[in-house]
Every structure is written in C-alpha cells, then in structure tokens.
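Peer 1: Here it is, the structure in full.
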Amino acid sequence: MDPDRLRRLTLTRLSDPCAVQVAAARRERPGPPDGDRVLIIAADHPARGVVRTGGRSMTDRADLLDRLCVALSRPGVTGVLGTADILEDLLLLGALDGKLVFGSMNRGGLGGSVFEVDDRFTGYDARSIVDMEFEGGKMLLRVDLDDDRTAPTLEACARAVTELAGHGRIAMVEPFLARRVHGALVNDLSAEAVTASIGIASGLGGTSAYTWLKLPAVDDMERVAAATTLPILLLGGDSGGDHADRLRRWEAALRPPNVCGLVVGRSLLYPSDDDVAAATDQAVSLL
C-alpha cells in the first residue's frame with residue numbers, strides 16, 4: 339500500500355471514527371449470489387493470533403489489505419469474511435461494494451491456548467452485524483467431548499444462529515470434533531467425525547433457515563455432504579503444501595450438489611509465488 343494512502347487511512351481512524359459507519363451505510367449491498375456457487379475470501383486469522391502461513395509472516399497489515407483488495411477485485415469473488423478491524427479498513431478503502439460481508443464472531447479461543455475450546459464471542463455479535471448492514475456472521479465451533487468448556491460455546495453459537503436468523507442474516511457455522519493430543523487441540527478430519535459435526539451444527543438455534551456450514555474438504559465428501567441439506571462451503575486452510583494438490587482436492591470435494599463454494603484465505607492471499615490474482619482466478623475456475 340502506498341504510504342500516503344496508509345497514512346490517510348490511519349488519520350481517518352484518528353480524527354473521524356464515524357467514517358466507518360458512514361462507509362458501511364454507503365456500501366452497495368449485493369443481491370443474492372449469482373448462480374449456485376460462491377467464493378468468500380477469509381481474513382479473520384490475525385484475531386486468533388495466527389501470524390504465519392507456509393513459513394511466512396502475515397503481520398504487515400498494509401500488505402494484507404493490498405492482497406485482500408486484489409483478491410476481492412477478481413471476477414467471480416463473492417465476498418469476504420473478517421473481524422471488525424479488517425472489514426472496517428476495507429470499507430474505508432471502498433473495497434466491499436457489491437460483496438457479501440461476513441463478520442467473524444468468536445475469536446476468543448486463541449490457537450494453542452489452554453482455553454482454546456472455550457471459544458468466547460469476542461468479535462461481532464448479531465446486533466453489530468445488523469448495524470453494519472453486513473450479510474451474516476461466522477462462528478467456529480469446536481466440540482471436545484472430554485472438555486466441559488465445550489458447552490458454553492455450543493450455547494453461544496446456538497444463540498447467535500437464532501439472533502442472526504431473526505434479522506434475516508446468514509449464520510456461517512464452522513464445526514469440528516476435536517480432542518487433546520499431547521496437550522494440543524486437534525481437529526478430527528475423518529469422514530465420520532465431520533459427518534457427526536454436521537449433525538451438531540445443523541441443529542443449533544431455533545431455525546436453520548439462514549444457516550450455512552463451513553467444512554473441511556475431506557475424503558469421501560459425497561457421503562459427508564449427504565448428512566445435510568444445508569448449503570456447504572469448503573474451507574481452504576493454510577498456504578503450505580502443494581497448491582496443485584489442494585486444487586484437485588477442492589475440485590473433488592465440490593461435486594456433491596449441496597456443496598456451494600469455497601471460503602479460502604491464506605492459500606489465496608499468500609500463494610508461494612505471491613501472485614494473488616492468479617491464485618484467486620484458479621479457485622474461481624473450479625466453481
């Protein structure tokens with residue numbers, strides 16, 4: 339980002355905090371998704387303390403915003419998912435017109451912490467998502483059957499699903515069955531575990547009318563996706579590993595009729611060759 343542009347962004351935050359709300363009110367809201375596939379760019383990783391991907395640093399905020407603006411400008415990109423700090427920068431930069439915008443709601447379960455499964459709602463709530471005129475909210479739900487701190491997260495997610503639906507807003511739920519392995523919380527990515535997580539997430543709240551599921555692209559996705567009629571978006575994961583192999587896994591996992599797209603962050607924003615536009619276009623081509 340040009341240093342002058344970055345300075346103007348910071349000075350706006352310093353001298354005119356109301357500019358964020360003004361930009362939100364002026365944002366051109368999108369209509370329903372064009373067709374039956376969507377691509378959402380995820381950018382809520384910094385709030386969980388994730389600062390590296392594929393061995394690279396992601397701490398330069400201006401660089402991250404540049405990458406997000408490139409990705410969001412590509413044809414076929416439907417929207418973005420992020421925390422308030424990032425989404426408000428993008429609003430002030432004018433990068434969110436015509437895009438679906440999802441506010442990240444629970445970021446309190448910091449990665450690697452002893453309280454990781456107790457994922458408090460430290461980001462957006464339903465009221466603030468409505469006030470910002472965003473299209474929905476996203477929540478992470480890790481279920482550790484051996485940790486009673488899972489229960490408050492289940493309850494909070496159920497409440498958020500109900501409240502978002504009450505305002506006609508989408509609840510994007512990202513569920514995992516997880517367990518402690520040598521002290522670290524590890525997601526179970528077996529088809530059986532992902533299928534079980536679908537049942538838990540789908541039943542949250544007083545209605546599922548506005549619920550979308552965000553799931554990993556696992557083997558036997560046909561059988562996994564058959565566990566629900568809710569829209570499924572596949573999560574993209576880290577930028578490490580072989581990108582061609584990742585694209586093949588996404589392509590295979592997109593085949594079930596209720597898999598409706600991708601939610602991808604680091605692997606598109608920080609590709610190994612730094613060509614964000616090309617990486618984003620490749621993802622769009624799968625849809």
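All residue numbers for the sequence shown refer to my numbering, where the first residue is 339 and numbers rise by one.
Beta carbons are placed, not taken as given, at the ideal position from N, Cα and C, and that holds for glycine.
(1) Does the contact criterion of 3 or more C-beta pairs under 8 Å hold for the region 477-494 versus the region 440-451?
(2) What does the alpha-carbon distance come out to for the pair E501 and C598?
(3) By Cβ distance below 7 Å, which residues in the same chain neighbour R394 in space, the five residues on each side in sequence not counted?
(4) Measuring CA to CA, which of L429, T397 and V389 is closest to C407?
(5) Kindly give me the distance between the Cβ atoms of L572 and S540, rounded to whole angstroms, as I take these residues to be in contact under 8 Å.
(6) According to DSSP, is M443 part of a helix, a strand, or is it coil?
(7) Helix, strand or coil for C356 per DSSP?
(8) Give the DSSP-derived three-state secondary structure of S395 in the structure shown.
(9) On a CA-only basis, which of R497, D484 and T491 is nearest V519? Give me that one, please.
(10) Identify every run of the alpha helix (DSSP H) within the region 418-497, keeping only runs that are complete inside it and at least 4 residues long; order them along the chain.
(11) Could you give the DSSP three-state label for G369: helix, strand or coil?
(12) State the CB to CB distance for the pair G420 and D576, rounded to an integer number of angstroms; the pair is presumed to be in contact (CB under 8 Å).
(13) In terms of DSSP beta bridges, what is E512 paired with?
Peer 2: Concretely, from the data shown:
(1) Counting C-beta pairs with one atom in each stretch, the region 477-494 and the region 440-451 have three or more that are closer than 8 Å, which means they touch.
(2) 24 Å
(3) Y608
(4) L429
(5) That belief does not hold up - the Cβ atoms of L572 and S540 are roughly 17 Å apart, past 8 Å.
(6) coil
(7) coil
(8) strand
(9) D484
(10) 422-430 and 464-469
(11) coil
(12) Contact doesn't hold; Cβ gap of about 17 Å is too wide.
(13) L478
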